[in-house]
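Number of protein chains: 2
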Amino acid sequence: MTLPTVAVLGGTGHQGRGIALRLGRAGYRVIVGSRDIGRAAAAVSEWPPTTGRITADGYDGAARAAAITVLAVPFEAIDALLDGLRSSLSPGTLVIDVTVPITFGSAGASMVVAAEGSATEHIKARLPDGVRLAGAFKTLPAHLLNDLDRPVDCDEFICGDSAEARAEASSLASAFEGLRPVDVGPLSRARSIEHLTLLAIAINRKHKVHDARYRVAGL
Amino acid sequence: MTLPTVAVLGGTGHQGRGIALRLGRAGYRVIVGSRDIGRAAAAVSEWPPTTGRITADGYDGAARAAAITVLAVPFEAIDALLDGLRSSLSPGTLVIDVTVPITFGSAGASMVVAAEGSATEHIKARLPDGVRLAGAFKTLPAHLLNDLDRPVDCDEFICGDSAEARAEASSLASAFEGLRPVDVGPLSRARSIEHLTLLAIAINRKHKVHDARYRVAGL
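Going line by line, the protein sequences match chains A and B.
Using the numbering used here, the letters of the first sequence map in sequence onto residues 94 to 312.
Using the numbering used here, the letters of the second sequence map in sequence onto residues 94 to 312.
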């Protein structure tokens, strides 16, 4: 089976870098999409070598060349990104939302309100017809993702707008050593996943750890 | 150290029964508070024997006699319950909210909106001054709670309006074999805990299991 080509938009960020590198190590062809191709190419050239080839391109070029496009930009940047991508995401493409819609204030981390219910549903409302969507990788600590030799050793919650979208996202997630994907159903479950991330961040801060994440018992 | 007396209001319900019996087994003196004392007394008389004595009383009598009052009624019944309890909860009492503010519709389980942010904060706004509050036991499956010989084998998330309230609730939670309490901070974290419950229910239904619950890795 040939592995699909994956675009990781915002792939030079902390979360995106970890996802791109772990996919590259699992043999995926990865294109890091960035606003600044030159800077992204320079960053990628310094990354450790991987089995799958990792290159850099603009958002548009990366998305056009990929069967799966991972959105790893900050949530605040999503609207502008999607506006610019409307013609580059063709029907059938699987978009994977990994955004964590959280802000940090004096009372600590809090959830960004999304009129659609969640970041993932906010994105769904802005995707061209026929483009499929899954939410995944939201509860994986970026710190751990970038510690490439360490198995992630946790469960990861996958929601999506169809069983097929969830299965494809789960298959991608399985490339991460030590990860068990857990299909939690439709996009309406995304807000709960986002709250798990918020709670993990609160646990990190309170208990002075870096990698709080979840395992589901009884499954 | 003498263990505090614990009132479990709504203790004849599925969740409340499991909590009351596990506390009784750990040696706590438990008073099951119910609208219908006679029915509660009949139910309790058929429960398996425990080290700690378990008796039944009305809501008011149970709350007056206890240092810790667990609210294990359905969330829809909370407002009426708290209205009736205003004079029976004395300052210093620790109230523990275990409600799960979830409704079941055609699209499956969904979260009940609470203007205060969460069920726990909704309750906080209705407690007399000086009464302390923690949220706990929200993600413990009732099914598992009632399987008394089985260790619960999971983490449980504790929020509260002071570090002391959280420590006391954690101490109570530690009476459950196989449970690790995780202090997640102030009451503003309650909605995230409630979303964990919602997600666990979704996982139960989707994967045809009964006891989905959480462990925090990296802690």
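Beta carbons are placed, not taken as given, at the ideal position from N, Cα and C, and that holds for glycine.
For residue i, three-class secondary structure by DSSP
i: E139 of chain B; result: coil
i: G117 of chain B; result: helix
i: R225 of chain B; result: strand
i: R306 of chain B; result: strand
i: G177 of chain B; result: helix
i: G145 of chain B; result: coil
i: G311 of chain A; result: coil
i: R243 of chain B; result: coil
i: A235 of chain A; result: helix
i: K301 of chain B; result: coil
i: D172 of chain B; result: helix
i: E209 of chain A; result: coil
i: A268 of chain A; result: coil
i: L292 of chain B; result: helix
i: L280 of chain B; result: helix
i: S285 of chain B; result: helix
i: G111 of chain A; result: helix
Proximity to residue i [Cα-Cα], best of the options
i: P234 of chain A; options: A:L226, A:V224, A:L182, A:D246; result: A:D246
i: L102 of chain A; options: A:A170, A:P221, A:V125, A:F197; result: A:V125
i: R118 of chain A; options: A:L265, A:A310, A:A283; result: A:L265
i: A160 of chain B; options: B:L96, B:A208, B:A113; result: B:L96
i: V163 of chain A; options: A:I296, A:T213, A:L241, A:A293; result: A:T213
i: G177 of chain B; options: B:G271, B:P244, B:P221; result: B:P221
i: A200 of chain B; options: B:A227, B:R243, B:R298, B:D242; result: B:R298
i: T186 of chain A; options: A:V224, A:G311, A:H236; result: A:V224
i: I171 of chain A; options: A:I296, A:S127, A:R282; result: A:S127
i: I216 of chain A; options: A:R284, A:D242, A:G131, A:F269; result: A:R284
i: Q108 of chain B; options: B:P142, B:I130, B:V191; result: B:V191
i: R243 of chain A; options: A:V137, A:G228, A:E270; result: A:E270
i: S183 of chain B; options: B:A136, B:A156, B:A260; result: B:A156
i: K301 of chain B; options: A:D304, A:V302, A:V275; result: A:V275
i: D240 of chain A; options: A:A149, A:L312, A:P141, A:A208; result: A:P141
i: A136 of chain A; options: A:P194, A:T144, A:T105; result: A:T105
i: P194 of chain A; options: A:S211, A:R179, A:S181; result: A:S211
Min CB distance residue i to chain A below 8 Å
i: H300 of chain B; result: yes
i: R308 of chain B; result: yes
i: D153 of chain B; result: no
i: L226 of chain B; result: no
i: A295 of chain B; result: yes
i: V275 of chain B; result: yes
i: G325 of chain B; result: For residue 325 of chain B there is no data in the structure shown, the boundaries of chain B being 94 and 312.
i: L96 of chain B; result: no
i: L238 of chain B; result: no
i: G311 of chain B; result: yes
i: L175 of chain B; result: no
Supposed contact pair residue j and residue i - C-beta distance, whole angstroms, cut 8 Å
i: A100 of chain A; j: A158 of chain A; result: 7 Å
i: I189 of chain B; j: A256 of chain B; result: Rounded, the Cβ-Cβ distance is 15 Å, inconsistent with contact.
i: I294 of chain A; j: V277 of chain A; result: About 20 Å; that fails the 8 Å criterion.
i: T290 of chain A; j: T232 of chain A; result: 5 Å
i: R306 of chain A; j: A165 of chain B; result: Wrong, their Cβ atoms sit about 30 Å apart, outside the cutoff.
i: A268 of chain A; j: L114 of chain A; result: Contact flag wrong, Cβ pair sits at about 11 Å.
i: L272 of chain B; j: I112 of chain B; result: Actually they do not touch by this definition, with Cβ atoms about 11 Å apart.
i: L226 of chain B; j: L280 of chain B; result: 7 Å
i: I130 of chain B; j: D150 of chain B; result: 6 Å
i: A229 of chain A; j: E249 of chain A; result: 6 Å
i: T98 of chain B; j: R122 of chain B; result: 5 Å
Chain B contact for residue i (CB, 8 Å cutoff)
i: R132 of chain A; result: no
i: H288 of chain A; result: yes
i: S264 of chain A; result: no
i: D254 of chain A; result: no
i: L272 of chain A; result: no
i: R243 of chain A; result: no
i: L102 of chain A; result: no
i: D172 of chain A; result: no
i: R115 of chain A; result: no
i: L187 of chain A; result: no
i: D246 of chain A; result: yes
i: A305 of chain A; result: yes
i: R284 of chain A; result: yes
i: G278 of chain A; result: yes
i: L233 of chain A; result: no
i: G126 of chain A; result: no
i: L164 of chain A; result: no
Residue(s) in a DSSP beta bridge with residue i
i: I216 of chain B; result: Note: I216 of chain B sits in no beta bridge, so no partner.
i: A100 of chain A; result: A:I124, A:T162
i: V188 of chain A; result: A:T162, A:L226
i: E249 of chain A; result: A:P274
i: D150 of chain A; result: A:G126
i: T196 of chain B; result: B:S203
i: R259 of chain B; result: Its beta-bridge partners do not exist; DSSP assigns none.
Chain-ordered neighbours of residue i on chain D, where CB pairs are closer than 7 Å
i: S281 of chain B; result: Absent from the structure is chain D; the protein chains it does hold are A and B.
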